[in-house]
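Working notes, beginning with the structure itself.
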Amino acid sequence: MNPSYAFIYDDFLTDPRYGDAVAALETRLATLGLSGQIGRLTLFRSAKELVEHHVHQGAKTIVLVGNDNTLNKVMWFLPDLPVILGYLPVAEPTDIATLLGIPPGLPACDTLGARLIETLDMGKLGDRYFLTEAVFERTRAKLAMDDAFTLSLPRGGDMALRNLGGVSRLGQSMANARDGLLEAVLVPNREQPLSTRILKRLSLGEDNETHVFFKSGTIASDSPIEGHADLFAVSGFEFKVSVVPNKLRVIMGRGRRVGVLGNNQNNPNHQ
Amino acid sequence: MPFFGAPAADNGQQPQPSVAPSAPSIFHTSSKASPATVIAKGVRLEGQFKSQGDVLIEGEVQGTIQTDGLLTVGADAFVKATVTAADAVVAGKVEGNVLAKRRLEVKSTARVNGDIVCETIIVEAGAALKGNLTSGSKTDAKPEPKTEAPSNDPQKTTTPPADAAKADAANKT
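So the sequences go chain by chain: P and V. Quick note on the working numbering: the first sequence kicks off at 585 and runs consecutively. Quick note on the working numbering: the second sequence kicks off at -1 and runs consecutively.
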C-alpha cells in the first residue's frame, strides 16, 4: 500500500450495481502500485473532516472515486489543503472529468498512474471555492468588475461566472483555468411573441451571450440572489467573486489537450 | 509548506511518473492576445472598460472604452463613451469622441456624434457624422473638444513665438 494515496469513495458506490466496477478499479490500482488509504463518504459524515483525516495520516494525493458530484463535495475546501487531486470517474455525470481529460472507468487508473500534474486557478464566491462555474439564473443583479466597470441586465437574464469549461458554438472552450481570469457570461432575457419564439430559435440560432474577462468583482442586487457554485446552492444579496490563480494541483489526462481549448467537434460530451 | 508552488516531480514518495513532468500543458496559455470581449444586446456596461483584445459591442455602453485590438460597434449598439482603439468598425450609434490609432470604418448604419481622430477612415454612404474629423496622420493626441472662438480680451491673447522674438529685438534697439 502506498500511504501517500488516499482514495475517497462516494457513498453511491455502495450500491451493488457498482460492485464489479469498483472491484476492477481496485485490481487495476493494485497492479499499478497505487493502492492507498480508503475513506468512504456517507450521508452524515463531513467530507472535509474525512479528507483532513487522511491528510493528517500522510496522504499527499487525494483521489476521488465517483462522479462529478463527488468532486463538488470536496472542491470547496480542497484547494487549501497541501494535496494533489486525482479523480476516478465511475458513473455519470463526468463532464468535469472530460474537461480534465480523464476517461471514465478503468482507463482513469492509467491517467492517475501517469501523474500529469497541472496547477489550476480556482474561482472563489464569498469564502467558497469553485472549479467550474457559479451560476445565477433569472437575475437582475449587477456585476461590478475590477473596481472599474459594471455589467447589468436591465431586463434580467442569466449570469455565469466561469473558471473552467464552457464551449462556444465554434467548439472553442471559453474559460481557461490557467489564465488568472474568470469569465462572466451573461444571457439576457428575450421578450418575444409566443408565436415567433420557436420559429426564431429554429431559424436564427444566434449567439446572444456577453463574454467579459475579469479578476475580481461583486455581484449585488436589491432582491435576494440565488444560484449555485459547482452545484452548491448559494443565496444572498451580495457576493464577492474572484479568481485565485494557481491554487489547485490536479492529475489530468493528456487526451484532452485538444478538447479543452481547441476544436471539440470530436468530443461527444461537448455539444 | 509551499506545496502548491513546488514542481510536480519533487514528490519523492509518489510512484515514478511515466510521463515527463516537463510535458506541455494541456491548457493553452494565450500570450499573443487576450480573448475577445463581447457585450451582447440586452446588456449594459457602465464605467471605464479596458481590454487588450478585440471587443464587440452590441449592447449599451456608458463611460470610456479602451482597447489595443479591434473594436466593433454593432448596428443595434448604443455607445455613450469616449472610445480609444487600435482599429474600429462602427455600425451603431456612438455619442462621444472616437480615437482609432490606425483604421476606422464607419458603416452606413452608423451615427457618430463626436470628434473623430484616426489614421485612415472609410465611410460608407448613409453614415451620419457630427463633429470634427482628423485623419491622415499618426494619431498620438486624443481628440480635443471644439476650440473656443478667439477672445477680445487683451490679457488672454497670446503672441506666437516668432512674433515675440521680433518684438524683443525691436525693444532692444
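In this text, a Cβ means the ideal position worked out from N, Cα and C, and glycines have one as well. Bear in mind that the values here come from a model prediction, so they are computed numbers and not experimental data.
Pair within 8 angstroms by beta-carbon distance, VAL53(V) and VAL77(V): No, the Cβ-Cβ distance between VAL53(V) and VAL77(V) is not below 8 angstroms.
8 angstroms contact criterion, which LEU107(V) and ALA73(V) should meet: CB distance rounded: A small correction: the amino acid at residue 107(V) is Thr; Leu does not occupy that position in the sequence shown. About 5 angstroms; that satisfies the 8 angstroms criterion.
Per-residue DSSP class, three states only, for PHE816(P): It is a strand residue.
Distance between THR703(P) and GLY94(V) (C-alpha atoms, nearest Å): Near 44 angstroms, if we compare the C-alpha coordinates of THR703(P) and GLY94(V).
7 angstroms Cβ shell around ASP66(V) - same chain, five flanking residues per side excluded: Taken in chain order, the residues that qualify are GLN50 and ALA84.
Interfacial residues, the segment 729 to 743 of chain P to chain V, with Cβ spacing under 7 angstroms: Going along the segment 729 to 743 of chain P in chain order, one finds ALA732, PHE733, THR734, LEU735, SER736, LEU737, PRO738, ARG739 and GLY741 with a Cβ nearer than 7 angstroms to chain V.
Cutoff 8 angstroms: PHE797(P) Cβ touching any chain V Cβ: Residue contact with chain V for PHE797(P): present (Cβ-Cβ distance below 8 angstroms to some residue of chain V).
Distance CB(ALA631(P))-CB(VAL658(P)) smaller than 8 angstroms: The answer is yes: Cβ separation under 8 angstroms.
Where the alpha helix (DSSP H) through LEU683(P) begins and ends: For LEU683(P), the uninterrupted alpha helix (DSSP H) segment begins and ends at 679 to 684.
Beta-carbon proximity list for VAL87(V), same chain, < 6 angstroms, skipping 5 on both sides: Excluding the 5 residues flanking it on each side, VAL87(V) has same chain C-beta neighbours closer than 6 angstroms at THR70 and GLU103, in chain order.
Cross-chain neighbours of GLN46(V) in chain P, by beta carbon under 7 angstroms: Within chain P, the residues placing a beta-carbon under 7 angstroms from that of GLN46(V) are ALA732 and PHE733, ordered along the chain.
Sequence-distant residues of the same chain with beta carbon closer than 6 angstroms to LEU684(P), five excluded per side: Excluding sequence neighbours, LEU684(P) sits near MET836.
Unbroken stretches of the beta strand (DSSP E), 3 residues or longer, contained in the segment 83 to 110 of chain V: Within the segment 83 to 110 of chain V, the complete beta strand (DSSP E) runs of at least 3 residues are 91 to 93 and 96 to 104.
Opening and closing residue of the beta strand (DSSP E) in which THR654(P) lies: Taken as a continuous stretch (DSSP letters only), THR654(P) belongs to no beta strand (DSSP E), being part of the alpha helix (DSSP H) at 652 to 658.
Sheet register partners of SER826(P) (DSSP bridge): As a beta-bridge residue in DSSP terms, SER826(P) pairs with LYS708(P) and SER800(P).
Proximal residues to LEU625(P) (C-beta, below 6 angstroms), its chain only, five neighbours per side dropped: The answer, listed in chain order, is ASP594, ASP595 and ALA631.
Neighbour list for GLY61(V) in chain P, Cβ cutoff strictly below 7 angstroms: In chain order: PHE733.
Contact set between ALA38(V) and chain P, taken where Cβ atoms lie within less than 9 angstroms: For ALA38(V), the residues of chain P that pass the 9 angstroms Cβ criterion are LEU770, VAL771, PRO772, ASP791, ASN792, GLU793, THR794 and HIS795, in the order they occur in the chain.
Residue environment, LYS799(P), which counts as buried when at least 16 other CB atoms sit within 10 Å: That one is exposed.
Per DSSP, the bridge partner or partners of LEU68(V): Paired residues: ASP85(V).
Coil, strand or helix - LEU832(P) by DSSP: Here LEU832(P) sits in strand by DSSP.
CB contact flag (VAL719(P), ALA681(P), <8 angstroms): Contact flag unset, no.
Candidates LEU735(P), LYS824(P) and VAL639(P): closest to ILE592(P) by CA position: Checking every option, the nearest Cα to that of ILE592(P) belongs to VAL639(P).
Neighbour flag for THR35(V) against chain P, beta carbons, 8 angstroms: When Cβ-Cβ separations below 8 angstroms define contact, THR35(V) makes contact with chain P.
Contact under 8 angstroms by Cβ, SER805(P) with PHE816(P): SER805(P) places its beta carbon 8 angstroms or farther from that of PHE816(P).
LEU735(P) vs VAL796(P) beta-carbon contact at 8 angstroms: For LEU735(P) and VAL796(P), yes; Cβs fall inside 8 angstroms.
Backbone CA spacing between PHE47(V) and ARG746(P) [nearest angstrom]: Going by the C-alpha atoms only, they are around 20 angstroms apart.
Proximity to THR82(V) [Cα-Cα], best of GLU44(V), LEU68(V) and ALA89(V): Considering only alpha carbons, the answer is LEU68(V).
8 angstroms Cβ cutoff, GLY57(V) in contact with chain P: With a threshold of 8 angstroms between beta carbons, GLY57(V) makes contact with chain P.
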